[in-house]
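Here the structure comes first, spelled out in structure tokens, and everything after it is commentary.
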Amino acid sequence: MSTPTTPHAPHAQHTPYSVRAEGLRKRYGDKRALDGFDLAVRAGTVHGLLGPNGAGKTTAVRVLATLVRLDGGSATVAGIDVAADPRGVRRRIGLAGQYAAVDEILSGRQNLEMFGRLFHLGGRRARLRAAELLERFDLVAAADLTAGDYSGGMRRRLDLAASMILAPDVLFLDEPTTGLDPRGRGEVWDSVRALVAGGTTVLLTTQYLDEADKLASRITVIDQGRAIADDTPDGLKSTVGGDRLEVVAADPADLAAVTEAVARVADADAAPERDMAERRVHAPVTDRVAALTEVARALQDQGVTVEDIGLRRPSLDDVFLRLTGHGAGPSRTEPASEPGTGGGTEAVEVAA
Amino acid sequence: MSTVDLSAGPVRGRFHWAVADCLNVVRRDLTHYRRRPSYIAWQLGFPIISVLLYGYVFGGAMKPPGGEGGGSYLDFLMPGMFVMTMAFGFMNTATTVVSDASKGVIDRFRSMPMAPSAVVAGRGVTDLVVACAELTILVATALVMGWRSNGGFGATVGAFGLLLLLRFSLIWVGVWLGLLLPSPEAAGSLFAVAFPFTMISSIFVPPATMPGWLGTIAAWNPISSTGTAARDLFGYPMPGGTGWIEQHAGLMALLWPLAITAVFLPLAVRRFQNLSR
Ligand SMILES: Nc1ncnc2c1ncn2[C@@H]1O[C@H](COP(=O)(O)OP(=O)(O)O)[C@@H](O)[C@H]1O
Ligand SMILES: [Mg+2]
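Here the protein sequences come in this chain order: A and B. For what it's worth, my numbering labels the leading residue of the first sequence as 1, then goes sequentially. For what it's worth, my numbering labels the leading residue of the second sequence as 1001, then goes sequentially.
Below you can see the structure in the form of structure tokens.
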């Protein structure tokens, strides 16, 4: 993982950027989908593009993948200008759009062979490449089943395989895990990691901070068509304050005791915040599990009844609150939290 | 990373790839019909059931327009059914295109280094091939029921040529609508427009029997010209048409589809290019 000060390789300063975008503008009627958007993606890394619904993520990806013409600004992908030579760009990119774009009537194998022929591999090489990709994405058993009958995770993997046919330099993944269950999400994450290990540069959009955190070495936060932050996951998390321990007391009279217990494990110079109405106390913690057990034990020893106690990971909402002073908006979404991350703001996923 | 050589093959011209890509799109579209033969059954279901209903249920009671001297009701009916099947074909085109567009398949094609023309041209070729298959099945049904062409070989072939020309022109209407409509469900509602459109024509009854203004609309309906011309060529001319449009059905059966193509092919291509707006 690279950080701004210690790049991931000694020669990284000379590594060209695989994707560069400057001042991208795109309007739809009165709506500015992209409003001066900048982006720089280092070759061989996963770059996360994080933002709520409607922020402009899909538009940015579609511009870079030559599907949408720009109103202003300029962009190069794999060193090629998207406006000047879209065909040249298409030879070097793979795209897995927001919806798995596979042919639902064909089998998985037929899908990959068809796309292979359309990538001008010819029949024989298209067949070989399809077999190879089916193996690599763990789809051999389902290869000859109709793709429309695949599970969400399998369909996504087939979609990824199709976008990898020419082993592209740059891969665009637009919300690759939206709508997947935790298992499907894990499958896709594994595939993405394997791709990057093979040298591909990945630009991945997501609405989930934890997904960007897990996969990306750098994250650009986008809001209303603009990049509002560009940082490493750690840098971004330190902006938001990392994980928080949260305790809800059963009795308002215990709030003082709870605050005291939480203060003992909270990060230095971070006083617990208190929400009287909800009988809630929370504070940033570094050693999450130790803090949780210690507070739980302390409160139990004092005979304080706790209604809820848990660790809350910073959500996209928290990032936005810090960066913009407002939340991610009415359409903000968060994935179902993983075990161990209690509470938090959870909303039902609504497809864009 | 891959044991397959993924480098570009020998350098070939744009035209080579335009044709090769188009054929690969056709291959994909036809594979759909091979894997889902029921699609053809669905598309043909309405005309075949109509043929059976009109032919057997009503056929006994119905007299062909013009009565004596002309052929049987079946002779009158069949060319109309052929025209109706060709005319309804644009909905199949629209449905397949809108389904590809809404599932992101067209975007995937557009993000690939293939010839952009292949997506639209491939659809056109596939639909013509499918239209030939549909006509064959429909004609076989008609032959079994006792329908015969009364025209010579050349005239009969000419009639089928005009039918396919109509279908060809409507492909572009279908592609254009398919790229315009938001969802496959919306394409389903096209039937509500297509059904009256085919009814107000010479397919089932001569326009001369309709109220004056409606008869005029029906006579000028492009599919009426194809129907009238086909009936002439099959050797059972439709009686009663005395207007200019009916007197020149053969000419108009050529001109209408050419005009429709001239309008809707550019519209469809423009719509496709504007997907990148
Ligand atoms: N084809 C379009 N026509 C009109 N408005 C659009 C179109 N595509 C995107 N938009 C608008 O542009 C903004 C950004 O959309 P999008 O890039 O899809 O955001 P995201 O992918 O981050 O959810 C949204 O307000 C959306 O409504
Ligand atoms: Mg999106």
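The beta-carbon is built from N, C-alpha and C at its ideal position, and this holds for glycine as well.
{"Item": "Under 9 Å from the C-beta of W1244/B: neighbouring residues of chain A", "Value": "Residues of chain A passing the Cβ test: none, with the nearest at roughly 46 Å."}
{"Item": "Rounded distance between the beta-carbons of L139/A and A161/A, thought under 8 Å", "Value": "7 Å"}
{"Item": "Residues sharing a beta bridge with D174/A, DSSP", "Value": "T205/A"}
{"Item": "Minimum length 4: unbroken alpha helix (DSSP H) runs contained in the segment 92-153 of chain A", "Value": "108-118 and 122-136"}
{"Item": "Beta carbon proximity, D251/A to chain B, threshold 9 Å", "Value": "no"}
{"Item": "Residue nearest to T200/A in terms of C-alpha spacing, selected from D181/A, I165/A and V262/A", "Value": "I165/A"}
{"Item": "Sub-9 Å separation of R91/A and A143/A beta-carbons", "Value": "no"}
{"Item": "Chain-ordered chain A contacts of P1184/B [CB-CB under 8 Å]", "Value": "Correct list: empty, because the minimum Cβ distance to chain A is about 12 Å."}
{"Item": "Counted within 10 angstroms of its Cβ, other Cβ atoms place N1274/B as buried (16 or more) or exposed", "Value": "exposed"}
{"Item": "For T259/A, the first and last residue of its enclosing beta strand (DSSP E)", "Value": "It is not in any beta strand (DSSP E) - T259/A instead sits in the alpha helix (DSSP H) that spans L255 to V265."}
{"Item": "Minimum Cβ-Cβ distance from V188/A to chain B less than 9 Å", "Value": "no"}
{"Item": "Three-pair Cβ contact test at 8 Å for the segment 1188-1207 of chain B versus the segment 1111-1118 of chain B", "Value": "no"}
{"Item": "Closer than 8 Å: E211/A CB and nearest ligand 2 heavy atom", "Value": "no"}
{"Item": "Chain A within 9 Å of T1003/B, Cβ atoms only", "Value": "yes"}
{"Item": "Selected residue, minimal CA-CA separation from G1104/B, among A96/A, N111/A, S107/A and K26/A", "Value": "A96/A"}
{"Item": "Option nearest S1225/B by Cα separation, candidates L1214/B, W1213/B and M1238/B", "Value": "M1238/B"}
{"Item": "Closer than 8 Å: Y28/A CB and nearest ligand 1 heavy atom", "Value": "yes"}
{"Item": "Straight-line gap, D30/A to A271/A (C-alpha atoms, nearest Å)", "Value": "45 Å"}
{"Item": "Per-residue burial, H282/A [other beta carbons within 10 Å of its own, 16 or more giving buried]", "Value": "buried"}
{"Item": "Reference I1049/B, options S1169/B, I1137/B and T1156/B, closest by Cα", "Value": "I1137/B"}
{"Item": "Identified DSSP bridge partners for H47/A", "Value": "L203/A and R218/A"}
{"Item": "For R244/A, three-class secondary structure by DSSP", "Value": "strand"}
{"Item": "Alpha carbon of A296/A to alpha carbon of P284/A, nearest angstrom", "Value": "16 Å"}
{"Item": "Alpha-carbon to alpha-carbon, L1077/B and L180/A", "Value": "53 Å"}
{"Item": "Stretch-stretch touch, CB-based, cutoff 8 Å, three pairs: the segment 227-239 of chain A with the segment 61-71 of chain A", "Value": "no"}
{"Item": "Buried versus exposed call for A250/A [16 or more other C-beta atoms within 10 Å across all chains shown]", "Value": "exposed"}
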